Every structure is written in C-alpha cells, then in structure tokens.
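Those protein sequences? They're chains L and Y, same order as listed.
Take any residue in the first sequence, count from 1 to its spot, add 48: that is its number in my numbering.
Take any residue in the second sequence, count from 1 to its spot, add 2: that is its number in my numbering.
Take a look at the structure below.
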Amino acid sequence: MWENRCKVAVSGVGFSKVTRSAEVPLAAHALTAVKEAVADAGLKMSDLDGLATYPELPATGHAEVDGISIVSVNCMMAMLKLPNLSWHIQVGTTNIGGAVQQAVNALLAGVCKYAVVWRAMHNPRGTYQNLPGAYAQGAAQFMAPYGFGGPGQGMAVAYTRWLERHNQNREKMATLAVTQRRHTQHNPHAYFYGTPLTREDYLNSRMVAYPFCLFDCDIPVQGAVAIVLTTADRARDLKPRPAYLAGYGQRLHFEVAGRIGSLADYMEGGRSSAKLTWERSGFSPQDVDVAQIYDGFSASVIYGLESYGFCKEGEALDFIQDGRIELDGELPLNTFGGSLGTGRIHGLWHIIEGALQASDRAGSRQVKGANVSFVGASAPIVTGTTFIFVREPY
Amino acid sequence: MSDWSKATRPIPVPNEWTKPFWDAANRGVLELQRCQSCGHFQHPPYATCTQCVATDLKFEAVRGAGTIYAYTIMYHTGDKRFASVVPYASIIVELDAAPGALMAGNLLEAEYTEAKVGRRVEVVFEKLNDNITLPQFRLARTNSTE
Ligand SMILES: [Zn+2]
C-alpha cells in the first residue's frame, strides 16, 4: 500500500453557473468556482497557496484565448494576486486528473498548504469539432481526409468493434443515459437539471456518429468547477468532513499518435491506471460503494467498467441493467448525472462527486454507507486517471 | 450510396516521416513502415519501432487486403465539405500483411450499411491532386484470406 494513503483530502468544492453559450467570459466562471470552493472549505482567499489546472480547449479549429476560451494558471494568478502563493502547475498528459495528482504531490512534499484545482470549459460559437482547413497536417493527415475530426469519432469506431465482437446491442446504453439523467435531477448545478430524458427519447434520437446518438455525447457548455485540497491533518480542522484520498493512478500506456479505433489501447490504458489505484489504496473493485466513471461519450463508461475491473470484457452493457447503477443499487454510478447530465466540464466534476459521496455531502443523491468512492476521471485511452476517496482514513 | 465526387477532402501534408507513404500511394502502391530489426509493420509512421524501439525503419510494399477492424457511420454535417455524402462509413482496416497497424479509410463503392467488423476489404486509390492519392477501401472482390 501507498505510504501516503489518506494523507491528503478534498475539503471544498465550487461550481459556476453552467450555460450553453458564453454569456460571460470564461475567467469569470473559473473565478466563481474557485471562490466558492475556498468558501466551502471555510478558508479565506489569502489562505490559498497552490494553483493547478489543465486548461486545454478540446474543441478543434478554435483559438485558445486566455480568459475567454481557456483559463490558465497565469490567468488565475493575475486575477487572484494571492499574497501567500508558493506553488503552481499546469499539466499536459493526463487532463485535469493529473492536475489534481500534482496538487496532491505538492501538498505531500510540503511546498504548499491549501491548493485549488479548477477546470474551466468554453463552448465556442459554431461547430465544436472542425476538420482542418484545406490541408491536414501531422496525425490528422491519416484521419481528416476520411472525415475523422474529433475524439468522439475515434471512440465511436472502438465502440462498433466492442459491440460486434461481443455480439452486443447499442440500445442497452439507453439505461445509462436515462439513469444518469435521473441522477441529474438531484444536482441543481447541472445543465440538464430540470430536463428529464426517457428511454424513448434516447432510442428515437438522431445519430451523430454511429453507434453514438445525440444522447451518447455530452453537450458542450460554458462553465467551471473547482476543488480545494489540503493535507489530512489540516483538513480535519476545516468545516466540511474531509474526503480522504486513499490512492490514485494514471494510464501508463500510449501507442502511436494518430492511431484510432483500437479497443486494446483503451483497455490497456484503463487497466494500468486502475492497477496502481487498487494497489496503493488496498481496495479492489468489490470494495467500492459508489463510482464515478468519465462519460464524455457514453462508451467511455464501458471501457472504464471493464478495464478497471468492475466487470468482464464484453459485459458492461449488461452490468448496468436491472437497477445496479441506481442510487440504491449495487454500484451507484455517475450519481451527479455524469458529463451527460452536467454538460462537458471534463473529469473534475467526477472527482468532486467522488469526494462529496465519500464525505457524506451529496445531499439528496447521497449513497448510504458510501465509504469507498471510486473515480475514473477521463477516458482510459489518452488521459486516464483514477482515484479512490474514503470516508474514514482507515 | 455516397457520391464522393461531391465532397472536398482536407488534403494530407506529407512530412519527413510520412512522405514515403504518400509517394508510394501516388504510384498506386501501399507501403507501410517496417522495423528492419524485428519485422513489425506500423501505421501511422513513427520515429521508432513501437515493438522493439529500433530506429532502423523502412517503407515496404504490402498487399492491400485486410478486414474491417472497426467503423463508424458519419451523420453529422458540421463540416459542409462532407455534408452531401452523409451518411457514410469511415472504417479502420487491419491489413493481413501488417497485423496491429490500423489504417483509416472510407468504405467506397458500397452502401454504408455494408460496413461490419470483420468484413473483407481491399485497397483502392483515390487521386486528390497531382501530388496526393489517398489509399481507400472497398469490399473485397476475391475471397482470399491469405
Ligand atoms: Zn522492431
């Protein structure tokens, strides 16, 4: 087991308003989320001394303008002018989960005391995923000429392989979409709060990239979320019950850039991240009381459930049936609605929910007796990270 | 069936790693990068062998017969250049001669509903301009699985 097991905790969480289009600059969303997380932890802004984010705009063919379409560490530093700032970082390979892990490492190293991590997501005007212009450079030269533009299409091809190799039926995914949308009705911060979804809505919705219909894809939104992390001993002195971090991992596998459609790459990425997390935390999938698994495209949940070890390969769409992922089911899943319910904010919201469930702070969607709370914060293939939070630091 | 003459594809820009691939395609030959140390074929081209990390890599001609490893049917019309051809099949092909090297293409000369994992396909070449010819695929016309 990890020598630093349960030595860092999540103490505060914050949310901006989530809107379909950019009504105010993204920097304002990020600022709201950070201030709310600090207030939730019962801290003052001047207590903050660590900053971390992953600022990428996942839309293709749009400019990255700091404060407008991304919110970098520099942007946050300039806005906050923190008097006691002592550490910051911006990560590349692991999406936002890696920024959280870097903050954990900085706290363990003693180079900061209270770190905030935010994820701010912009919804640009026009088409979200654009193919390149007249010419396709780099890895795109082998994909864009054939119509492959965004990550969703790469995930769609792996999904057809999964479906046909395992003789499965995409209509079973309706259970995930409908169940998560029901969970969303317990999350007032979510974009689809107040908007129900029926099985018929799912089955009748238009195709985007088969096997993905509209409701297999998270809706692009403008918004930000944030968390405050601190060491376990400091966390115990703060207002909210701490969510202790029992272990984390990150994917250790990468194939050639530009290779798409390989189901084996998803599985290897997820397995490698989960293995570290199970070993460090001392838990196994059977110990998990509640799980958040990244669902930017629905099939990510399949790759997650199988590669993390919750079920066997080829079984995920059967595993999610029969009430198993309901709030009172055997494995309550994406209890905050997932990205399919909140809108496209990436995996920090999954991490937040994992922490809220572990600290008994999830309100009407709280899973009873949630002591071991698992998070898969990104699609396993390229950016996968996994976490386990616990209620008691045993 | 999609009429691809009505679509305008983004044109690949060869770089130092990929130029031999495109030069060969321009001659109507499919060449993939092969490790001279362990014999492994890979695609897309890379700086090192992804099996044994050797740097001695050469492009070698391969037979353009393989199977559909995975596919998607594109329905979105966000990019107007492809709007007139939806729905169309974009496929990932694993060549018999190069297991593990996954190539993208469109399924040409067939209804999109013909795309299925495991179906046999063969390479055809689609000329985009004087410098660039795209390897593409159609359903195999022979039953050979060698
Ligand atoms: Zn080799």
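Quick reminder that beta carbons are idealized off the backbone N, C-alpha and C, glycines included.
Small disclaimer: the values here were computed from a predicted structure and weren't measured.
Spatial neighbours of aspartate 5/Y within its chain, please: C-beta separation below 8 Å, excluding the five flanking residues on both sides. Close CB contacts of aspartate 5/Y within its chain, under the 8 Å cut and outside five residues either way in sequence, are with Ser86 and Val87 (chain order).
Cβ atoms of leucine 375/L and alanine 225/L: under 8 Å apart, would you say? No.
Hey, is asparagine 215/L's beta-carbon within less than 8 Å of any beta-carbon in chain Y? Taking Cβ atoms only, chain Y never reaches closer than 8 Å to asparagine 215/L, which makes this a no.
For the pair the segment 178 to 196 of chain L and the segment 344 to 356 of chain L, tell me if three or more CB-CB distances fall below 8 Å. Flag = no, the segment 178 to 196 of chain L and the segment 344 to 356 of chain L do not touch.
Answer yes or no: do arginine 392/L and glycine 344/L have a C-beta to C-beta separation smaller than 8 Å? Contact flag set, yes.
Could you tell me the alpha carbon to alpha carbon distance between isoleucine 429/L and arginine 122/Y, rounded to whole angstroms? Between isoleucine 429/L and arginine 122/Y, the C-alpha separation is close to 27 Å.
Indicate the three-state DSSP secondary structure (helix, strand or coil) for isoleucine 144/L in the structure shown. In this structure, isoleucine 144/L counts as helix in the three-state DSSP scheme.
Of all Cβ atoms in chain L, is any one closer than 8 Å to the Cβ of threonine 135/Y? False, the Cβ-Cβ gap to chain L never drops below 8 Å.
If we call anything under 8 Å between Cβ atoms a contact, is isoleucine 75/Y one with lysine 118/Y? Result no, Cβ atoms of isoleucine 75/Y and lysine 118/Y do not sit closer than 8 Å.
Quick check: is the beta carbon of proline 101/Y nearer than 8 Å to any beta carbon in chain L? Residue-level contact check: proline 101/Y does not touch chain L, since none of the beta carbons of chain L fall below 8 Å from its beta carbon.
I need the straight-line Cα distance from proline 101/Y to arginine 319/L, nearest angstrom please. Separation of proline 101/Y and arginine 319/L (C-alpha to C-alpha, rounded to the nearest whole angstrom) is 23 Å.
Environment of ligand 1 in chain order, Cβ to heavy atom below 5 Å: Answer in sequence order: Cys37/Y, Ser39/Y, Cys40/Y, His42/Y, Cys51/Y, Gln53/Y, Cys54/Y and Ala56/Y.
Closer than 6 Å by C-beta to methionine 105/Y: which residues in its own chain qualify, once you throw out the five before and the five after it? Chain order, please. So the qualifying residues of the chain are His45 and Val95.
Give the residues from the segment 68 to 90 of chain Y that approach chain L closer than 8 Å (Cβ to any Cβ), ordered along the chain. If the cut-off is 8 Å between Cβ atoms, the segment 68 to 90 of chain Y has Tyr71, Ala72, Tyr73, Thr74, Ile75, Met76, Tyr77, His78, Gly80, Asp81, Arg83, Phe84, Pro89 and Tyr90 near chain L.
Residues of the segment 169 to 202 of chain L whose Cβ lies closer than 8 Å to any Cβ of chain Y, in chain order: Of all residues in the segment 169 to 202 of chain L, Thr175, Tyr176, Gln177, Asn178, Leu179, Pro180, Gly181, Ala182, Tyr183, Ala184, Gln185, Gly186, Ala187, Ala188, Gln189, Phe190, Met191, Ala192, Pro193, Tyr194, Gly195, Phe196, Gly197 and Gln201 have a Cβ within less than 8 Å of some Cβ in chain Y.
Considering only residues of the same chain and omitting the five flanking positions on each side of phenylalanine 358/L, which have a CB-CB separation below 6 Å? Excluding sequence positions up to five before and after phenylalanine 358/L, its CB lies within less than 6 Å of the CB of Pro333, all in the same chain and listed in chain order.
Beta-bridge pairing of valine 86/L - partner residues as DSSP gives them: Looking at the DSSP assignment, valine 86/L forms no beta bridge with any residue, so it has no partner.
Count the other CB atoms, across all protein chains shown, that sit within 10 Å of the CB of proline 290/L; report buried if there are 16 or more and exposed otherwise. By the 16-neighbour rule on beta-carbons within 10 angstroms, proline 290/L is buried.
Determine contact between the segment 163 to 171 of chain L and the segment 392 to 402 of chain L, defined as no fewer than three beta-carbon pairs at a distance below 8 Å. Judged by Cβ distances under 8 Å, the segment 163 to 171 of chain L makes contact with the segment 392 to 402 of chain L, as three or more pairs qualify.
Hey, out of Tyr239/L, Arg229/L, Glu363/L and Met125/L, whose CA is closest to threonine 390/L's CA? Residue nearest to threonine 390/L within the set Tyr239/L, Arg229/L, Glu363/L and Met125/L is Tyr239/L (criterion: CA-CA distance).
Residues of chain Y with CB under 8 Å from alanine 257/L, in chain order? Within chain Y, the residues near alanine 257/L are Thr74, Ile75, Met76, Tyr77 and His78.
Which residue wins for smallest C-alpha separation from serine 321/L, given the options Tyr356/L, Lys287/L and Ser346/L? The candidate whose alpha carbon is nearest that of serine 321/L is Tyr356/L.
Do proline 103/L and isoleucine 118/L have their C-beta atoms within less than 8 Å of each other? The Cβ atoms of proline 103/L and isoleucine 118/L sit closer than 8 Å to each other.
To test your reading of the DSSP string, which unbroken beta strand (DSSP E) runs of 3 or more residues are found completely within the segment 311 to 369 of chain L? Correct list: 338 to 341.
Rounded to whole angstroms, what's the CA-CA distance from threonine 227/L to leucine 130/Y? Just pull it up for me. Here the alpha carbons of leucine 130/Y and threonine 227/L stand approximately 47 Å from one another.
Per DSSP, which residues does glutamate 124/Y bridge with? Please list them. In the DSSP output, where bridge partners are listed per residue, glutamate 124/Y has Ala67/Y and Arg140/Y.
Methionine 124/L, buried or exposed, once every other Cβ within 10 Å from all chains shown has been counted against 16: Looking at its Cβ environment, which holds 16 or more other Cβ atoms inside 10 Å, methionine 124/L is buried.
Checking the sheet assignment: what are the DSSP bridge partners for glutamate 96/Y? In DSSP, glutamate 96/Y forms a bridge with Thr69/Y and Leu104/Y.
Use the C-beta contact count for glutamate 148/Y: other C-beta atoms within 10 angstroms, 16 or more gives buried, fewer gives exposed. Reliability fails at glutamate 148/Y, whose pLDDT of 44 lies under 50, so the model's placement of it is uncertain and the value that follows must be treated cautiously. Glutamate 148/Y comes out exposed.
Collapsed DSSP secondary structure at serine 25/Y in the structure displayed: At residue 25/Y the sequence reads aspartate, which differs from the serine that was named. Of the three classes helix, strand and coil, the one that applies to aspartate 25/Y here is helix, per DSSP.
Closer than 8 Å at the beta carbon, the chain L residues around asparagine 108/Y: The contacting residues are Tyr194 and Gly195.
Once DSSP output is grouped into helix, strand and coil, what is the label at serine 455/L? What is shown of chain L runs 49 to 442, which leaves residue 455/L out entirely.
Using a Cβ-Cβ distance cut-off of 8 Å, determine whether glycine 309/L contacts chain Y. Glycine 309/L belongs to the set of residues whose beta carbon lies under 8 Å from a beta carbon in chain Y.
Where DSSP assigns a beta bridge to glutamate 62/Y, which residues make up the other side? In DSSP, glutamate 62/Y forms a bridge with Leu34/Y.
If I measure Cβ to Cβ from glycine 120/Y and keep anything under 8 Å in the same chain, skipping five residues before and after, which residues do I get? Close CB contacts of glycine 120/Y within its chain, under the 8 Å cut and outside five residues either way in sequence, are with Thr69 and Ile70 (chain order).
Using a Cβ cut-off of 8 Å (strictly closer), state whether threonine 108/L contacts chain Y. No, threonine 108/L does not count as interfacial toward chain Y.
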